[in-house]
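**Student:**
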Amino acid sequence: MLTLPSSVRILLASQPVDMRKSIDGLMALVRNE
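With the first letter of the sequence shown counted as 1, position 31 gets the number 13 in our numbering; the numbers rise by one all the way through.
1. MET1 lies in the alpha helix (DSSP H); which residues open and close that run?
2. Roughly how many angstroms lie between the CA atoms of ASP6 and VAL12, to the nearest whole one?
3. Is the beta carbon of LEU8 closer than 8 Å to that of VAL(-1)?
Next comes the structure, spelled out in structure tokens:
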């Protein structure tokens, strides 16, 4: 079993995402959803 600290967040995309974006670009997509 994998145990992660509570400070770690795992986000899943419900649609295909262009992974060439920077981390800021990916977080903007998450915030818009």
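Heads up, the beta-carbon is just placed ideally off N, CA and C, and yes, glycines get one too. All of these numbers come straight from a predicted model, not from anything done at the bench.
**Tutor:** With the structure as the only source:
1. MET1 -> no alpha helix (DSSP H), and no H or E assigned at all.
2. 10 Å
3. yes
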